[in-house]
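Protein sequence lines correspond, in order, to chains A and B.
Take 4 as the starting number for the first sequence in the numbering used here and just add one per residue.
Take 154 as the starting number for the second sequence in the numbering used here and just add one per residue.
Structure, as structure tokens:
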Amino acid sequence: EPEVTQTPSHQVTQMGQEVILRCVPISNHLYFYWYRQILGQKVEFLVSFYNNEISEKSEIFDDQFSVERPDGSNFTLKIRSTKLEDSAMYFCASSLGFNNEQFFGPGTRLTVL
Amino acid sequence: GESVGLHLPTLSVQEGDNSIINCAYSNSASDYFIWYKQESGKGPQFIIDIRSNMDKRQGQRVTVLLNKTVKHLSLQIAATQPGDSAVYFCAETLSSNTGKLIFGQGTTLQVKP
């Protein structure tokens, strides 16, 4: 069964450093998303991406965040200068259409020290 | 046993009993609703969805009920098993939108053997 994959599973970084979280969505999906989940809290939407551009972004997704689909398979989330409060689980998801089931990856745990 | 009513952060049931997990959604314009299951250290996993033109949908051992009048969603799990132990989230979206999912507060389901 096809699945969304994410790397790394755990990323530890120093405050102020740049991080890139990587995702490989399901191959025939067209819509891609990033969500985050701070420990013990609900999942929060960050950004949706379609046709090589951002469809919608949340208030959390400020100028420090960017997304890219550098080739036909990867979808990345970059945080330019990490803050302590960026520590969270980051989930990538993909779907066939914007009103279809979203499949989530296993997540990357980001720890900012 | 089963529990109905307002959202509870934790629901504890005996193996074999039925479980009911409730959720109040926020946007009366939302027209697509999904229940996700999240096991420890994993990403959300799709369980069942329902669109606003329906008030009930059944899957294997699970049923989702939608009450648009009071903006309420519930997930019923029949014959609850230890493998059902997880955090359950409801999510809503507007299908004419960009796929952005708005997640509710999770309910932790604990199944006692």
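Think of the CB as a built atom: it goes at the ideal place given N, C-alpha and C, for glycine as much as any other residue.
As the structure is a prediction and not an experimental result, all values here were calculated from the model.
Check: Under the three-state reduction of DSSP, which class applies to D89/A: helix, strand or coil?
Finding: Within the first sequence, numbered from 1, the residue matching residue 89/A stands at position 86. Three-state result, D89/A: helix.
Check: Using the rule of at least 16 other Cβ atoms within 10 Å of the residue's Cβ for burial, across every protein chain shown, is V15/A buried or exposed?
Finding: One-based indexing of the first sequence puts residue 15/A at position 12. It is exposed - the Cβ of V15/A has fewer than 16 other Cβ atoms within 10 Å.
Next item on the list: Would you kindly work out how many angstroms separate the C-alpha atoms of V22/A and S58/A, rounded to a whole number?
Entry: For the purposes of this step, residue 22/A is taken as residue 19 along the first sequence, with counting starting at 1. For the purposes of this step, residue 58/A is taken as residue 55 along the first sequence, with counting starting at 1. Spanning the two alpha carbons is a distance of roughly 22 angstroms.
Check: Based on the DSSP secondary-structure assignment, which residues constitute the bridge partners of S98/A?
Finding: Along the first sequence, one-based indexing puts residue 98/A at 95. Partner(s): Y34/A.
Notebook entry, point to check: Name the residues in the stretch 201-224 of chain B whose C-beta lies less than 7 angstroms from a C-beta of chain A; which are they?
Noted result: D202
Check: When Cβ atoms are compared, which residues of the stretch 89-110 of chain A fall closer than 9 angstroms to chain B?
Finding: M92, F94, C95, A96, S98, G100, F101, N102, N103, E104, Q105, F106, F107, G108, P109, G110
Checklist line | I41/A burial status per 10 Å Cβ neighbour count (16 or more: buried) | finding: Within the first sequence, the letter at position 38 stands for residue 41/A. Answer is exposed; the Cβ neighbour count stays below 16.
Check: Buried or exposed: where does L113/A fall if 16 or more other Cβ atoms within 10 Å of its Cβ makes it buried?
Finding: In the first sequence, residue 113/A corresponds to position 110, counting from 1. Burial call: buried.
Note to self: Please list, in chain order, the residues of the stretch 38-70 of chain A that have any C-beta partner in chain B closer than 8 angstroms.
What the structure shows: Y38, K45, V46, E47, F48, S51, Y53, S58, E59, S61
Next item on the list: Under 6 angstroms Cβ to Cβ from G158/B, same chain only, skipping five residues before and after it: list those, please.
Entry: In the second sequence, residue 158/B corresponds to position 5, counting from 1. In this prediction, G158/B has a pLDDT of 34, which is less than 50 and means its spatial position is unreliable; nothing more can be read from the coordinates.
Item checked: DSSP state of D74/A mapped onto helix, strand, coil -> Numbered from 1 along the first sequence, position 71 holds the residue referred to as residue 74/A. Here D74/A sits in coil by DSSP.
Margin query: Between P197/B and chain A, is the shortest Cβ-Cβ distance under 7 angstroms, so that the two count as touching?
Written below: Here residue 197/B corresponds to residue number 44 of the second sequence, with the count starting at 1. Judged by the 7 angstroms Cβ criterion, P197/B is in contact with chain A.
Item checked: Residues that T216/B bridges to, as DSSP identifies them -> As a first step, residue 216/B is located in the second sequence; it is residue number 63 there, counting from the start. Bridge partners of T216/B: Q211/B, Q229/B.
Next item on the list: Measure the Cβ-Cβ separation of Q20/A and L116/A and say whether it is below 7 angstroms.
Entry: In the first sequence, counting from the first residue as 1, residue 20/A sits at position 17. In the first sequence, counting from the first residue as 1, residue 116/A sits at position 113. For Q20/A and L116/A, no; Cβs fall outside 7 angstroms.
Note to self: Quick check on V190/B - is its C-beta less than 7 angstroms from some C-beta in chain A?
What the structure shows: Along the second sequence, read from residue 1 onward, the residue named residue 190/B stands at position 37. Note that residue 190/B is Lys in the sequence shown here, rather than Val. Not an interface residue.
Margin query: Any beta carbon from chain A within less than 7 angstroms of F256/B's own beta carbon?
Written below: The residue labelled residue 256/B in the question sits at position 103 within the second sequence. With 7 angstroms as the cut-off, F256/B counts as an interface residue toward chain A.
Next item on the list: Specify whether the stretch 167-180 of chain B and the stretch 219-239 of chain B touch according to this definition: at least 3 beta carbon pairs, one from each stretch, less than 8 angstroms apart.
Entry: yes
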